[in-house]
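Here our numbering = 1-based position in the sequence shown + 371.
As C-alpha cells, the structure follows; a few thoughts come after it.
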Amino acid sequence: MVLLRRVIGDALRARRQGQHRTLREVSTAANVSLGYLSEIERGQKEPSSELLAAICDALGARLSELLREVSDTVALAEQLPGVLMPVQDEPATAGPAAGVRKATGRGVRQVTTDGAVAVSVRQDSPLKATLRSARVRPSDRDVVCAA
Numbered sequence: 372m373v374l375l376r377r378v379i380g381d382a383l384r385a386r387r388q389g390q391h392r393t394l395r396e397v398s399t400a401a402n403v404s405l406g407y408l409s410e411i412e413r414g415q416k417e418p419s420s421e422l423l424a425a426i427c428d429a430l431g432a433r434l435s436e437l438l439r440e441v442s443d444t445v446a447l448a449e450q451l452p453g454v455l456m457p458v459q460d461e462p463a464t465a466g467p468a469a470g471v472r473k474a475t476g477r478g479v480r481q482v483t484t485d486g487a488v489a490v491s492v493r494q495d496s497p498l499k500a501t502l503r504s505a506r507v508r509p510s511d512r513d514v515v516c517a518a
C-alpha cells in the first residue's frame with residue numbers, strides 16, 4: 372500500500388523546494404517546529420488537517436490543490452502494476468498506452484505515463500510501497516528511465 376503521509380510529505384517538500392525556501396522559513400511561517408516539519412516532509416509523521424492547512428498557507432498554496440495533487444498521485448499508484456505486490460526485475464518496455472517502464476532492481480520501478488509525470492515506486496515490503504512523483508521538464512522526458 373502507498374503510505375499517504377509519504378505522498379503528502381513529498382508534495383509539501385516539492386512545493387517548498389520549488390520556491391527555494393528552507394525548512395526554517397516555512398516552519399516559522401506555519402508556526403510549527405522545524406523538526407516536526409522535517410518529519411512530515413520525510414513521511415514519518417502525519418499532520419492534522421489544521422497543521423496541513425497552516426503549512427499550505429505558509430507555502431502560498433491552497434489545501435485543496437495539495438490534496439488534489441496527492442489524490443492524483445495515489446490514483447496513479449493504484450493503476451500501476453507492482454505497487455501492491457513485489458516488483459520483479461524485467462526488461463524495459465515502452466508503449467504509447469503503457470508509458471515507459473523500467474525495473475531498476477531492489478523492487479524499484481520508474482514509470483512515466485504521459486511524458487509529463489514521472490513516478491518511482493519502491494516496494495519496501497509486501498504491504499508497504501513508497502511512491503514518489505515529479506513533474507518532468509521537457510528536457511528530462513528522454514532520460515526519465517536512464518540507469
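Glycine residues also receive a C-beta, built at the ideal position from the N, C-alpha and C atoms.
Check, Outcome
"As assigned by DSSP and simplified to three states, the class of Val373", "strand"
"Distance CB(Ala432)-CB(Ala401) smaller than 8 Å", "no"
"Anticipated Cβ contact below 8 Å, Val397 with Arg387, distance rounded", "5 Å"
"Among His391, Ala425, Ser420, Gly389, nearest to Ser404 - alpha-carbon criterion", "Ala425"
"Contact check, Leu408 vs Leu423, beta carbons under 8 Å", "no"
"Beta-carbon proximity of Gly380 to Glu412, cut-off 8 Å", "yes"
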